[in-house]
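One structure is given here, and the rest of the page talks about it.
4 protein chains.
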Amino acid sequence: MTRLLPSLHSTLSPLVLAAAIGLGGLAKADDGLPHPGFEITAGNTALLVTDPQNDFLHPDGVAWGVVGKNVIENGTVEHIEELFATAQQTGMPVFVSPHYYYPHDHGWKFEGTLEKLMHTIGMFDRKGALDTAEFEGSGADWLARYKPYINDGHTVVTSPHKVFGPETNDLVLQMRKQGIDKVIIAGMSANLCTESHMRELQEQGFEVMVVSDATAAAQLPGLDGYAAAMVNFRMIASDVADTETVTAAMLAAVN
Amino acid sequence: MTRLLPSLHSTLSPLVLAAAIGLGGLAKADDGLPHPGFEITAGNTALLVTDPQNDFLHPDGVAWGVVGKNVIENGTVEHIEELFATAQQTGMPVFVSPHYYYPHDHGWKFEGTLEKLMHTIGMFDRKGALDTAEFEGSGADWLARYKPYINDGHTVVTSPHKVFGPETNDLVLQMRKQGIDKVIIAGMSANLCTESHMRELQEQGFEVMVVSDATAAAQLPGLDGYAAAMVNFRMIASDVADTETVTAAMLAAVN
Amino acid sequence: MTRLLPSLHSTLSPLVLAAAIGLGGLAKADDGLPHPGFEITAGNTALLVTDPQNDFLHPDGVAWGVVGKNVIENGTVEHIEELFATAQQTGMPVFVSPHYYYPHDHGWKFEGTLEKLMHTIGMFDRKGALDTAEFEGSGADWLARYKPYINDGHTVVTSPHKVFGPETNDLVLQMRKQGIDKVIIAGMSANLCTESHMRELQEQGFEVMVVSDATAAAQLPGLDGYAAAMVNFRMIASDVADTETVTAAMLAAVN
Amino acid sequence: MTRLLPSLHSTLSPLVLAAAIGLGGLAKADDGLPHPGFEITAGNTALLVTDPQNDFLHPDGVAWGVVGKNVIENGTVEHIEELFATAQQTGMPVFVSPHYYYPHDHGWKFEGTLEKLMHTIGMFDRKGALDTAEFEGSGADWLARYKPYINDGHTVVTSPHKVFGPETNDLVLQMRKQGIDKVIIAGMSANLCTESHMRELQEQGFEVMVVSDATAAAQLPGLDGYAAAMVNFRMIASDVADTETVTAAMLAAVN
Chain A
1 MTRLLPSLHS
11 TLSPLVLAAA
21 IGLGGLAKAD
31 DGLPHPGFEI
41 TAGNTALLVT
51 DPQNDFLHPD
61 GVAWGVVGKN
71 VIENGTVEHI
81 EELFATAQQT
91 GMPVFVSPHY
101 YYPHDHGWKF
111 EGTLEKLMHT
121 IGMFDRKGAL
131 DTAEFEGSGA
141 DWLARYKPYI
151 NDGHTVVTSP
161 HKVFGPETND
171 LVLQMRKQGI
181 DKVIIAGMSA
191 NLCTESHMRE
201 LQEQGFEVMV
211 VSDATAAAQL
221 PGLDGYAAAM
231 VNFRMIASDV
241 ADTETVTAAM
251 LAAVN
Chain B
1 MTRLLPSLHS
11 TLSPLVLAAA
21 IGLGGLAKAD
31 DGLPHPGFEI
41 TAGNTALLVT
51 DPQNDFLHPD
61 GVAWGVVGKN
71 VIENGTVEHI
81 EELFATAQQT
91 GMPVFVSPHY
101 YYPHDHGWKF
111 EGTLEKLMHT
121 IGMFDRKGAL
131 DTAEFEGSGA
141 DWLARYKPYI
151 NDGHTVVTSP
161 HKVFGPETND
171 LVLQMRKQGI
181 DKVIIAGMSA
191 NLCTESHMRE
201 LQEQGFEVMV
211 VSDATAAAQL
221 PGLDGYAAAM
231 VNFRMIASDV
241 ADTETVTAAM
251 LAAVN
Chain C
1 MTRLLPSLHS
11 TLSPLVLAAA
21 IGLGGLAKAD
31 DGLPHPGFEI
41 TAGNTALLVT
51 DPQNDFLHPD
61 GVAWGVVGKN
71 VIENGTVEHI
81 EELFATAQQT
91 GMPVFVSPHY
101 YYPHDHGWKF
111 EGTLEKLMHT
121 IGMFDRKGAL
131 DTAEFEGSGA
141 DWLARYKPYI
151 NDGHTVVTSP
161 HKVFGPETND
171 LVLQMRKQGI
181 DKVIIAGMSA
191 NLCTESHMRE
201 LQEQGFEVMV
211 VSDATAAAQL
221 PGLDGYAAAM
231 VNFRMIASDV
241 ADTETVTAAM
251 LAAVN
Chain D
1 MTRLLPSLHS
11 TLSPLVLAAA
21 IGLGGLAKAD
31 DGLPHPGFEI
41 TAGNTALLVT
51 DPQNDFLHPD
61 GVAWGVVGKN
71 VIENGTVEHI
81 EELFATAQQT
91 GMPVFVSPHY
101 YYPHDHGWKF
111 EGTLEKLMHT
121 IGMFDRKGAL
131 DTAEFEGSGA
141 DWLARYKPYI
151 NDGHTVVTSP
161 HKVFGPETND
171 LVLQMRKQGI
181 DKVIIAGMSA
191 NLCTESHMRE
201 LQEQGFEVMV
211 VSDATAAAQL
221 PGLDGYAAAM
231 VNFRMIASDV
241 ADTETVTAAM
251 LAAVN
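Residue numbers (UniProt numbering), protein chains in the order written: chain A, 1 to 255; chain B, 1 to 255; chain C, 1 to 255; chain D, 1 to 255.
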């Protein structure tokens, strides 16, 4: 066959790939991949938090049994709060994409595995879009400690996503209507809603990065959702960093 | 908080989750998740193959250095051909979503990690959408052994996807215009284009399953793309099975 | 140039186009266009009603001043109810796509003409997605006479669309999850939300038709939104018919 | 009902609506609607041309019989060239979204009226995505006079759209990857592809305006596509202006 880059091909190995990238920036990891990096610029960079809700983050939440250990290990609850607080302090626009299910969603004629599981355990259930009875403090409600940030009058809460990504809500429009081009992603759960939001925002032409310890995932026998997400965040996003690094960069961007 | 399913919550552990599912079908894996399953029905089920191109599947392809070992281990090349052959034999509609980059794509002002890598190594490069010079046998061309199937006059080849998913091409429309509701997904690479197609098709309301050994992924130090994809296929799709199981089901569906 | 259909070209005139279509069905209109037609089939055909809300359909609604005359002329209010009633009688799935604006939507940095107008007159305003205070009977609420149908426990009310089309809500997913492939469209307003829903559903591979007298539009000096919509419905949808014809076909489809 | 803006409602008439807008800018038309306006800013504003192809714009094109008269009246061919030339002169990024049909598109199981017509008359037909035989000078090819602009090495030609809008191609991604937020739209045909592009780009959060005399539409007995488009451009886009006004603004924006 005609090789497009014969000079490259014969030496194509992970380490050489890194060399091929050359100016890809100081390697953070010896994994052979480039490091595009992500520069926080005031005005067009936003913080996005997916599913900061009780069913994932509260010990009484219906999914705590499968995500709780990872949430505690990562310090996810505290790290998400640090991001909310730093965004508020620096005036960075914040968007929250919640996950709600209504009675009619339980009538779907087919479901993927986790969709089926969420419906079976009543995850994120609400009585209806116009019925807030018994919502307060339910599994679908925000984790209480986040309410002062989400209800600050500035944060944009989108319509609920219905599978895992923002294809079914108004997140892309809301961010574009605010002039947002770059997105820092955190929230639950790492390999499902968080990753699907990352993938879709990138398909829609946003520049994205993920906060590695402000998320967590279900870990089941032979299925480590968090490990899977970390591989895909590294390969797909422009950058991945921890909360300490990201909050420091958020502060630096406005000083 | 008000627990939505108090009776469930106190017992929420992986094993009990499986019990909670009850009729979720005979458990294939002891991972605590339900098994929605996927029934092949003639007429509205299609085979989708992503990126069956030289740069991934031919030893001279620019990505072979990072995916070749996994392609050989999985028997990916042979399994994709078995799926093409069985679809042709059973009259199952086949859709192919290719990955091409044109000169103007190299002018993108920002890229994610793998986007940057693909552009750096000239992966899937073509001279232009209307210029087929030097395309034959290039890294962007089909693996030669698949050409008799893809060029059979029935297979629908969509426009190229540009990041990883079908959001940027006509796959969803082409499938709907043929009455397709269910999709069997195979092709390259497992955790990037194959998984992004799975996720997007599910967001668009298709019922999907993935063929576990008719795909493969990049494996780099500390980054096993195939392992990550297997976790997400299991958690997100309606079913995951190997080529032998899927081809047998395809044949059974028409007899 | 090389003409693709030289035999056709030299005679390409509206009347000859009709002839060229040949089996396009008995012409309903002498406009030279084919008539694909739309067959209602039980199980995969749904009724979609856009914006059946007070601000459009109630004399006290904020838009009544510009749409009221057309609403009365078309008998829109009564015809939408006939469609709701017939769908309920025949068991046809019904989907409603509402239009709501929250306080944060008023912070958009740019708007199109009607977006700007809607925000200026407070059209479809709500206090928040989780705040239903003062919603009852407001301009954003359903027209009272439709509530028994919309609240019947079967009708699927999607998340709100935010511009004119369903790109920003879960309509496509909800329809696909119910096995819907064909959609009968009615509601407000003809050339804005109704037409944008028609266009988007067709891009997503649904077969669509519009009910000509179960919709209406703003009519301003030199700007007849209804006339514009009728031209585009005829050119784009598979069929256009009045409520009497559509309800008869709905009844016939289940007998 | 509880009126949202009682003080406005009782006086809601087109003229009062204009007053209600207040700072909406000096009214260009006495139609009672606001005038958001569209400011061309170098760097993030692009020119988009839809379907600048022979089948619409060349007297031998298969659709000339129905659009030719309007194309000549509007001076569409010359105005589109003036926009291409001014964009090249001012360094404004240019995107072209073509319309192509391949053999497999003729196998669609259902079509809307104009989709059916286009397929019947062989409009935009090509032998295949990878087969350019007989493409040169065909109805699907660019109008010859535009080739120097489209083939200048800078213009981004997207994948083909398949119905009327960019939902089925990579236009949104290509524009975002170039940092484009604002779009000046021209091309064919006014109420179909041009309008569907306008509507979809607005749903995706772009700020859009349309060039009124750099487009044209099919005009059939009782169906004036151009008149319909003008109504919707005025109601939906942020601004509508003629080529002379737009090219002057393009020049002013870089001086």
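Beta carbons: idealized from backbone N, C-alpha and C, even for Gly.
Please read these numbers as outputs of a predicted model, since none were measured by experiment.
| field | For D:THR158 and D:ALA186, believed in contact at Cβ under 8 Å, the rounded distance | value | The Cβ separation is near 15 Å, so there is no contact.
| Sufficient close CB pairs (3 or more, under 8 Å) joining the stretch 72–87 of chain B to the stretch 103–117 of chain B | no
| request: Assign residue 280 of chain C to one of three DSSP states: helix, strand, or coil. | output: Shown here, chain C extends from 1 to 255; a query on residue 280 of chain C therefore has no answer.
| task | Using a Cβ-Cβ cut-off of less than 7 Å, give me the residues of the stretch 111–134 of chain C that come near chain D, in sequence order. | result | GLU111, GLY112, THR113, LEU114, LYS116, LEU117, THR120, ILE121, GLY122, ASP125 and GLU134
| said: For B:PRO98, tell me which candidate among B:GLY137, B:ALA133, B:GLY122 and B:GLN53 has the shortest Cα-Cα distance. | reply: B:GLN53
| message | Please state the DSSP three-state secondary structure of C:ASP105. | response | helix
| query | Thinking C-alpha only, which one of D:GLU195, D:HIS106 and D:GLY139 is nearest D:LEU48? | reply | D:GLU195
| said: Please state the DSSP three-state secondary structure of A:LEU223. | reply: strand
| Below-8 Å beta-carbon distance, C:GLU203 vs any chain B residue | yes
| said: Within 10 Å of its beta-carbon, does B:GLN178 have 16 or more other beta-carbons around it, so buried, or fewer, so exposed? | reply: buried
| Going by DSSP, what residues sit across from C:GLU207 in a beta bridge? | C:LYS182
| task | Return no unless some Cβ of chain B is closer than 8 Å to the Cβ of C:LEU4. | result | Below a pLDDT of 50, predicted positions are generally treated as unreliable, and C:LEU4, at 35, falls in that range; no measurement from the model is reported.
| request: Measuring only between beta-carbons, confirm whether B:LEU47 sits less than 8 Å from chain A. | output: no
| Can you tell me whether DSSP reads A:PHE164 as helix, strand or coil? | coil
| Around the C-beta of C:GLN89, are 16 or more other C-beta atoms found within 10 angstroms, so that it is buried, or is it exposed? | exposed
| Separation of C:VAL172 from A:ALA241, as counted between CA atoms | 35 Å
| said: From the DSSP secondary-structure annotation, give me the bridge partner or partners of B:MET188. | reply: B:ALA216
| On the three-state DSSP scale, how would you describe D:HIS58? | coil
| query | Between A:GLU207 and A:ASP181, is the Cβ-Cβ spacing less than 8 Å? | reply | yes
| Given that residue 256 of chain D touches chain B, what residues does it touch there, using C-beta distances under 8 Å? | Lying outside 1 to 255, the shown extent of chain D, residue 256 of chain D is not represented and no answer is given.
| query | Given a threshold of 16 other Cβ atoms within 10 Å of its Cβ, counted over all protein chains shown, does C:GLY222 qualify as buried or as exposed? | reply | exposed
| field | Bridge partner(s) assigned by DSSP for residue 296 of chain D | value | Only positions 1 to 255 of chain D appear in this structure, which leaves residue 296 of chain D out of reach.
| request: Assign A:GLU167 to one of two classes, buried (16 or more other C-beta atoms within 10 Å of its C-beta) or exposed (fewer than that). | output: buried
| said: Taking 8 Å as the threshold (beta carbon to beta carbon), is C:LEU23 in contact with chain D? | reply: Per-residue confidence for C:LEU23 stands at a pLDDT of 31, beneath the threshold of 50, marking its modelled position as unreliable; no derived number is given.
| Would you report the Cα separation of A:SER189 and A:TYR100, rounded to the nearest angstrom? | 14 Å
| request: Give the DSSP-derived three-state secondary structure of D:ALA241 in the structure shown. | output: strand
| field | Contacts of D:PRO34 in chain C (Cβ-Cβ under 8 Å) | value | THR113, LYS116, LEU117 and THR120
| field | C-beta neighbour in chain D for B:GLY43, strict 8 Å | value | no
| Who are the neighbours of D:ASN169 on chain B, taking C-beta pairs under 8 Å? | SER159, THR168, ASN169 and ASP170
| said: So, does the stretch 124–140 of chain B touch the stretch 30–48 of chain B, judging by three or more C-beta pairs under 8 Å? | reply: no
| query | A:GLY225 and A:HIS197 look like a contact to me (Cβ under 8 Å); what is the Cβ gap, rounded to whole Å? | reply | Incorrect: roughly 15 Å between the Cβ atoms, too far for contact.
| request: Confirm, please, whether the CB-CB distance from D:ASN232 to C:ALA228 is below 8 Å. | output: yes
| task | Give the interface partners of A:LYS177 over in chain D, defined as CB-CB distance under 9 Å, in chain order. | result | GLY205
| request: Could you tell me whether the Cβ of A:ILE236 comes closer than 8 Å to any Cβ of chain B? | output: yes
| When you check each C-beta in the stretch 181–205 of chain C against every C-beta of chain A, which residues fall closer than 9 Å? | none
| Going along chain B, which residues have a C-beta under 8 Å from C:LEU173? | GLU203, GLN204 and GLY205
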